[in-house]
Amino acid sequence: MYSNHMIRIGVVDDEPPALKRISRLLGEFPNVVIAGMYTDPEELLEHTIAGQFDLVLLDMEMPELHGLELAKEIYRLYPTVYIAFITAYEQFAQPAYDVEAIDYIMKPVLEENLTRTIRRYMQRKRQSQAQTQDHSQEKPAVLPASFRCFGWFTVTTEQQEMIRFRNSKSRELLAFLHSHGGDPVSKSKIIEALWPGRDNEKALVTLHTTVYQLRKDMEVYGLKEVIAQEKGEGGSYRLRLPPMYDELSQFRQLSESFWRNGRVEDAHQGIKLYQEGLWKEHDWEWAVKLKWETETSYHSLLEGAIEYELAQERYREAIPYLMLKAGTNPYHEELQGKIIASFLLAEDNEGALNHFIRTLQLFKSDLGIGLMFSFDQITRDPKAYL
């Protein structure tokens, strides 16, 4: 095992005496370890794949494989390795730098040449590490806009300007691409979703027109290059950057966080975010499955919030969530009894009675039946109805 501070060097030269000379010179450097000496370029490549080298010294004139071609193959296999060339001909200097070699060493190799090469390696390595650190500290690029997904699908800029779409298909296309989270979506899949049954040639023209219009709609508000086009296999489109704020992603994160960590605050926020439902005001056929999945998550959050509040005997806090759940199924008799019981346990007898009366009237008018329980029955033992 080599120290992290040691420079692992590999050398390839078809002349054994040259290898012997370089080996002797490298042995004088305390921060260098010779990780491999080869006369056969293929052997060097095998060890390059394994990530054995930090720096490779290549002879440019070898009978089996020219040094420039070998360097390109090394970079392809292991892009982070550094390369320096060794040659007896000055005319190879420019081609050597064209493949981003850090140095060009003339034969016969001298210690001062290797000192310069190792110094350049260390400088390049420090620069690379500094750039990597800078990039890791940068904030990821985002689209300076907010996507509101519950109720109407709207897009708002940083300046709080709501984007106006020229036509409904532009809005729908953006929502469809957004639902794929930045992944490329094939043109055929987009056409199948937005223009089902349409003649393919005509639909393709309509798609291109809609993409053009969507880009124009966004550019009016300074949102450029939002939609990226990728070629190959019929072509595809994708949302280039994630939005600055995205209700759908936030809802998913809150739902996952609640079930993973049990923080009831996440359930509360997710329920508040959902409101009337995902893209509630848009009747998009392709969105049916995603709407159902999101609604299922919403009901799971409701169940979780209700269970938590009742377990903590926070009956007043449980009532709003019970009411929301009853709003989706008002004829659920057991749930209505639970609401009445929660009012009673929260010491709100008037609220309990009012809700009992409203529920009884609803069942009689809509279903023609009464309730299986009376108000007095719940009053005697409200916890039995939770």
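Final position of the sequence shown in the UniProt record's numbering is 386; the numbers increase by one with none missing.
Glycine residues also receive a C-beta, built at the ideal position from the N, C-alpha and C atoms.
Would you call residue i buried or exposed, if buried means 16 or more other Cβ atoms sit within 10 Å of its Cβ?
i           : result
Asp381      : exposed
Pro41       : buried
Glu309      : buried
Trp152      : exposed
Ser136      : Residue placement at Ser136 is flagged as unreliable, the pLDDT there being 49, under the threshold of 50; the coordinate-derived value follows with that caveat. Ser136 should be labelled exposed.
Asn329      : exposed
residue 388 : Residue 388 is absent from the structure shown; the chain starts at 1 and stops at 386.
Ala341      : buried
Gly368      : exposed
Ser168      : exposed
Trp292      : exposed
Met372      : exposed
Asp103      : buried
Pro243      : buried
Glu201      : exposed
Ala88       : exposed
Ser170      : buried
State the start and end residues of the unbroken beta strand (DSSP E) segment that holds residue i.
i      : result
Glu230 : Ile227 to Glu230
Ala84  : Tyr82 to Thr87
Gly10  : Ile7 to Val12
Asp59  : Leu55 to Asp59
Arg148 : Leu143 to Arg148
Met106 : Asp103 to Met106
Arg238 : Ser236 to Leu239
Val155 : Thr154 to Thr157
Pull up the CB-CB distance for residue i and residue j, whole angstroms please, since I reckon it's below 8 Å.
i      : j      : result
Leu214 : Leu174 : 6 Å
Phe53  : Ile9   : 7 Å
Cys149 : Glu295 : Between Glu295 and Cys149 the Cβ distance is about 13 Å, and since that is not below 8 Å, they are no contact.
Phe85  : Met60  : 5 Å
Val56  : Ile83  : 5 Å
Phe176 : Leu194 : 7 Å
Phe363 : Ala352 : Their Cβ separation, rounded to whole angstroms, is 17 Å, which puts Phe363 and Ala352 out of contact at 8 Å.
Met37  : Leu58  : Rounded, the Cβ-Cβ distance is 12 Å, inconsistent with contact.
With respect to the alpha helix (DSSP H) encompassing residue i, which residues constitute its N-terminal and C-terminal limits?
i      : result
Met218 : Asn200 to Glu219
Ala305 : Val288 to Ala311
Ala71  : Gly67 to Leu77
Ala341 : Glu333 to Leu345
Tell me the DSSP secondary structure of residue i in three-state form.
i      : result
Gly36  : strand
Ser136 : Unreliable placement is indicated for Ser136, whose pLDDT of 49 sits below 50; no coordinate value is reported for it.
Ala175 : helix
Ser128 : helix
Pro17  : helix
Leu278 : strand
Ile319 : helix
Tyr97  : Reliability fails at Tyr97, whose pLDDT of 47 lies under 50, so the model's placement of it is uncertain and no value is given.
Asp366 : helix
Met244 : strand
Val264 : helix
Ser374 : coil
Leu360 : helix
Met122 : helix
Ile191 : helix
Arg166 : coil
Pro382 : helix
Indicate whether at least one CB of chain B lies closer than 8 Å to the CB of residue i.
i      : result
Ala326 : Absent here is chain B; the protein component of the structure consists of one chain.
The ligand MN and residue i: does the residue's C-beta get closer than 7 Å to at least one heavy atom of that ligand?
i      : result
Met218 : With respect to the ligand MN, the structure offers nothing, as it holds no ligand at all.
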